[in-house]
Structures are given as C-alpha cells and as structure tokens.
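In mature numbering (1 follows the signal peptide of the UniProt record, and there is no 0), the protein residues as written are -30 to -1, 1 to 376.
Okay, here's the thing in structure tokens:
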C-alpha cells in the first residue's frame, strides 16, 4: 500500500465516521474605515438581491432556537479513537476513486467560496467546485467577508449543511463532505449557542470537571447545528508573553495543559462514532507553536529536543491517548525546519513515537506558505512534493486556491 493510499484511506474513514448522523481594526466599524468606498457593495449580483450594506446575515436569521431532542439523549460511554485498520467498505470505496477524486478528497475549501451575497448557499458555485475539483472537505471561517455571512442559528446552519451534503452526494466523488470549524471556547460561531471564556480563562479555574462539562455543551451545540468536526482544543503552551494567540491555549504548564487536554477531548469527542452529541476533535498546533523567538506569530522557533519532549509534547501525547481524531500542525519553522514539510516532526515524532493513527490536516494555506513565507520551495509543485513525500499530511486546508488539485 502506497503512502498516498494510506493518507486517502485515513481521510475517507474520518469522512464516513464524522458525518454519520479585511476589514479595518476591530475597534472601529466598517463605516469608520470607509469600507464601502474601498469595496463597493452591490445591490444585486446575477439576479440575486444582496443583503443591504452593512447588514450581516445573523441579523436577518431570526430562526427560533429550540432545544433539540438530541440534548436529552444519554451519553454513550467509552472512547472512540482512530482505528488501526481501515473498514472494508471504505477500502472498497477508495478503490473506485480516480486519481483526481483522491486528490480532491485531500482538499479543504472555505465555505465563503459558496456563499451568495444574499447570505444563502450558492449551489451553482458549490457544484462547480465539486464537479471540477472533487473537493472532500469544507471549513467555515466566520471572519471571511468581514463576518458578513457568519453565525447562523443552528436550524439555519443545519439546513445549509444539509444542502451541501445533497450536492456532494450527487456531484464530484459523490462522497459526503467533511465540514469543520473553530469552536474553541463554546459554540462561538453559532448564533445563540453557549459561549465560555477563552481557554486561558477556563484553565485559570484549575477545574477539570468544569472544562469537561463545557466541552460536552460545546459538542452538543455543534452537533445540533450539523457540525461534526471542530478545530479544538488548542494545546500550545503559552510560553512567550508577547505571542498574540496566548489567550487561545491553556497556559504554560505542561502538566495542567495535559490534564485539560484529556478533559476537553473526552468532553468534545468521547465515543463520537456512536454518540450523536459528540464531535471529532482536531488538536493543534503541533508542535511548539506558542514559543516564537520574539513573540511574532509566524516567526521561527528554536527549541532544544529535550525541552520539546519534556514540555511541548506531553499535552499532545495526552490528547492522543484520549482518542483525538485529528491533528493540525503548526504554522512555523521549528529549529530551522518548516513543520509542514518535516519528516521528523510529522512522521517520526507524531506517527511513530506518539502512535497517532488519525488524520493530519494543515493549517490555513500552509502548503502555499512553503513558497511565500518559508522559502523552501520555488513553486506549488515543489511545495506539494515536499509535504506529501516527507510527512504524513492527509488534508490540505487550501482555503480558496484550487491549484493544489492540478
């Protein structure tokens, strides 16, 4: 079995299991920065009446929030972890896919690519992506388009995702889409969902039971809206005080973060293959993302191997032992090696030493960043070659660029 086949098998397994059931500164408004002059807002596009500027879709979505029947279902005991073997039906499905379809299953596109100016799904655009690029996954980044099409109510989001699945099962590879989003402190991208303090605030309680219960509530709110996969928890140690994402993690103590990793993964994911109130998790960002040299987000990191193993690895190891379904790698160059192309970090350390058997997803446009930020590849072909031949990446979060599929 080839490396590519194993990657596609792992991805397809996750697909089937998980789907069973710039504006200006944030302190000012869009009007203050003259956004209308920078980017004229049309009243109508191709016969579709657009939402009036600066109205955002959540202001027009008045669907009543009602408690779902699934909220009353008893929790299914046990833990579901990535499988050692691929199910026979998945292997059979894979054998029927063309090379183009297998590549498409490794592509993750932003949902904004299919949203119409009226705040509804643009099926024509989605069908075009499915037919031409056979995409396998969609992520939602509510900040895209200035947040204009973000924060649906659960019934509305569930309806949109049902529409997406209807298209996906009739076009392209005819395999259900894997949809994921960042729900890192409650259902923060779902209108009306429960919101919790950022992770650093939850960690400050030192209350494992509280964090576990919060994760369970987040999973319920996600699933009732049709979301099967969340990009959480964030297990980066907040070592550098100037790092701008320090609030997203559980602090700098590896023991505490490891215990909270277990509490969060078990609360969010649990026995997610059988429990309709659970989601697949994506632990991130592997590895040593929270210790930039001077605090800048995307700069290089220098961490001795012994420090890496003693401090930065344990939280991920704990989450993997708790059954984490997927891992997202770090945006960074670590010890003069870009993590996204590192055979040592993503294969030897993650797969062999930590025994992770689930799906590995890149962070946003990171394969493209090999060219324009890490400067270790001259073009996209070289960047893809480095990533796919030296690492164990299964899914590329390519955002809006279909060139990966060529």
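By construction, the Cβ of each residue, glycine as well, lies at the ideal position given by its N, Cα and C atoms.
Next on the checklist: Please give me, in chain order, every unbroken run of the beta strand (DSSP E) with length at least 3 that falls completely inside the segment 67 to 115.
Outcome noted: Secondary structure within the segment 67 to 115: the beta strand (DSSP E) runs of 3 or more consecutive residues, fully enclosed, are 77 to 80, 107 to 110 (chain order).
Item to check | DSSP three-state assignment for residue 256, whether helix, strand or coil | outcome: Counting from one through the chain shown, the residue named residue 256 turns up at place 286. Shown here, residue 256 sits in a strand according to DSSP, grouped into three states.
Next on the checklist: Can you look up residue 312 in the DSSP assignment and give me helix, strand or coil?
Outcome noted: Taking the first residue of the chain shown as position 1, residue 312 is located at position 342. Three-state result, residue 312: coil.
Checklist entry - So residue 361 and residue 313 are in contact, right, with Cβ under 8 Å, and what is the actual spacing, rounded? => result Along the chain shown, read from residue 1 onward, the residue named residue 361 stands at position 391. Along the chain shown, read from residue 1 onward, the residue named residue 313 stands at position 343. Between residue 361 and residue 313 the beta-carbon gap is near 6 Å, inside 8 Å, which marks them as a contact.
Checklist entry - For the candidate residues 126, 223, 154, whose alpha-carbon lies nearest to that of residue 201? => result Within the chain shown, numbered from 1, the residue matching residue 201 stands at position 231. Just measuring C-alpha positions, the residue of 126, 223, 154 sitting nearest residue 201 is 154.
Item to check | Beta-carbon contacts of residue 52 that lie in its chain and below 7 Å, excluding the five residues immediately before and after | outcome: Position 82 of the chain shown, counted from the start, is the residue given in the question as residue 52. If we look at residue 52 and ignore the five residues flanking it on each side, its Cβ neighbours are 295, 327, 328.
Checklist entry - Based on the DSSP output, what are the partners of residue 14 in its beta bridges? => result Within the chain shown, numbered from 1, the residue matching residue 14 stands at position 44. By DSSP's assignment, residue 14 forms a beta bridge with 19.
Next on the checklist: Three or more C-beta pairs under 8 Å: does that hold for the segment 273 to 280 against the segment 254 to 265?
Outcome noted: They touch, by the three-pair rule.
Next on the checklist: Tell me the DSSP secondary structure of residue 169 in three-state form.
Outcome noted: In the chain shown, counting from the first residue as 1, residue 169 sits at position 199. Residue 169 falls in the helix class under three-state DSSP.
Checklist entry - Mind pulling the alpha helix (DSSP H) runs of 4 or more residues that sit fully within the segment 132 to 215? => result With a minimum length of 4 residues, the continuous alpha helix (DSSP H) runs that stay inside the segment 132 to 215 are 169 to 173, 178 to 194.
Item to check | Distance CB(residue 303)-CB(residue 270) smaller than 8 Å | outcome: Against the chain shown, residue 303 aligns to sequence position 333. Against the chain shown, residue 270 aligns to sequence position 300. Going by C-beta atoms, residue 303 is nearer than 8 Å to residue 270.
Item to check | Span of the alpha helix (DSSP H), counted from its first residue to its last, around residue 379 | outcome: No answer is possible for residue 379: it lies beyond the span of the chain, which begins at -30 and ends at 376.
Item to check | Segment contact flag, the segment 160 to 178 with the segment 219 to 234, C-beta cutoff 8 Å, min 3 pairs | outcome: Cβ pair count under 8 Å is three or more, so yes.
Item to check | residue 48 beta carbon less than 8 Å from that of residue 212 | outcome: Mapped onto the chain shown, residue 212 falls at position 242. Mapped onto the chain shown, residue 48 falls at position 78. It is not a contact, given that the beta carbons lie outside the stated cut-off.
Next on the checklist: Is it buried or exposed, residue 325, if we count other Cβ atoms within 10 angstroms and call 16 or more buried?
Outcome noted: The sequence position of residue 325 within the chain shown is 355, counting from 1. Per the 10 Å Cβ criterion, exposed.
Item to check | Straight-line Cα distance separating residue 21 from residue 5 | outcome: Locating residue 5 in the chain shown gives position 35, counting from the first residue. Locating residue 21 in the chain shown gives position 51, counting from the first residue. Note that residue 5 scores 36 on pLDDT, short of 50, meaning its location in the model is unreliable and no value can be drawn from it.
Next on the checklist: Assuming residue 297 is part of the beta strand (DSSP E), what are its boundary residues?
Outcome noted: Taking the chain shown and counting its residues from 1, one reaches residue 297 at position 327. For residue 297, the uninterrupted beta strand (DSSP E) segment begins and ends at 296 to 299.
Item to check | C-alpha gap between residue 105 and residue 79, whole angstroms | outcome: In the chain shown, residue 105 corresponds to position 135, counting from 1. In the chain shown, residue 79 corresponds to position 109, counting from 1. In a straight line, the C-alpha of residue 105 is about 8 Å away from that of residue 79.
Checklist entry - Using CA coordinates, which residue listed in 339, 235, 194 is at the minimum distance from residue 40? => result What you label residue 40 is simply residue 70 of the chain shown in a count that begins at 1. That would be 194, whose Cα lies nearest to the Cα of residue 40.
Checklist entry - Which residue or residues does DSSP assign as beta-bridge partners of residue 303? => result As a working note, residue 303 is residue 333 in the chain shown. In DSSP, residue 303 forms a bridge with 308.
Checklist entry - Does the beta carbon of residue 358 come closer than 8 Å to any beta carbon on chain B? => result As a matter of chain content, chain B is missing from the structure shown, which is built from one protein chain.
Checklist entry - Can you tell me the Cα-Cα spacing of residue 134 and residue 85, whole angstroms? => result Looking up residue 134 in the chain shown gives position 164. Looking up residue 85 in the chain shown gives position 115. Roughly 11 Å separates the two Cα atoms.
Next on the checklist: Which of the three DSSP states is assigned to residue 233 in this structure?
Outcome noted: Taking the chain shown and counting its residues from 1, the one referred to as residue 233 is at position 263. Three-state DSSP puts residue 233 in a helix.
Item to check | Contact check, residue 67 vs residue 143, beta carbons under 8 Å | outcome: Within the chain shown, the letter at position 97 stands for residue 67. Within the chain shown, the letter at position 173 stands for residue 143. The answer is yes: Cβ separation under 8 Å.
Checklist entry - Sorted by chain position, which residues of the same chain lie with C-beta nearer than 6 Å to residue 248's C-beta, five sequence neighbours on each side aside? => result In the chain shown, the residue the question calls residue 248 occupies position 278. The residues are 189, 239, 240, 242.
Checklist entry - What is the rounded straight-line gap between the Cα of residue 74 and the Cα of residue 293? => result Along the chain shown, read from residue 1 onward, the residue named residue 74 stands at position 104. Along the chain shown, read from residue 1 onward, the residue named residue 293 stands at position 323. Near 27 Å, if we compare the C-alpha coordinates of residue 293 and residue 74.
Checklist entry - Cβ atoms of residue 310 and residue 332: under 8 Å apart, would you say? => result Counted from its first residue, the chain shown places residue 332 at position 362. Counted from its first residue, the chain shown places residue 310 at position 340. In this structure, residue 332 sits near residue 310, with a CB-CB distance shorter than 8 Å.
Item to check | Same chain, Cβ closer than 8 Å to residue 29, neighbours up to 5 away in sequence not counted | outcome: In the chain shown, the residue the question calls residue 29 occupies position 59. Taken in chain order, the list of residues that qualify is empty.
Checklist entry - residue 136: which of 339, 96, 122, 163 sits nearest, CA to CA? => result Counted from its first residue, the chain shown places residue 136 at position 166. Of 339, 96, 122, 163, the smallest CA-CA separation from residue 136 is found for 96.
Next on the checklist: Less than 8 Å between the beta carbons of residue 31 and residue 126, yes or no?
Outcome noted: Position 61 of the chain shown, counted from the first residue, corresponds to residue 31. Position 156 of the chain shown, counted from the first residue, corresponds to residue 126. Yes.
Checklist entry - DSSP puts residue 331 in a beta bridge; with which residues? => result Sequence index remark: in the chain shown, residue 331 carries index 361 (1-based). 298, 365.
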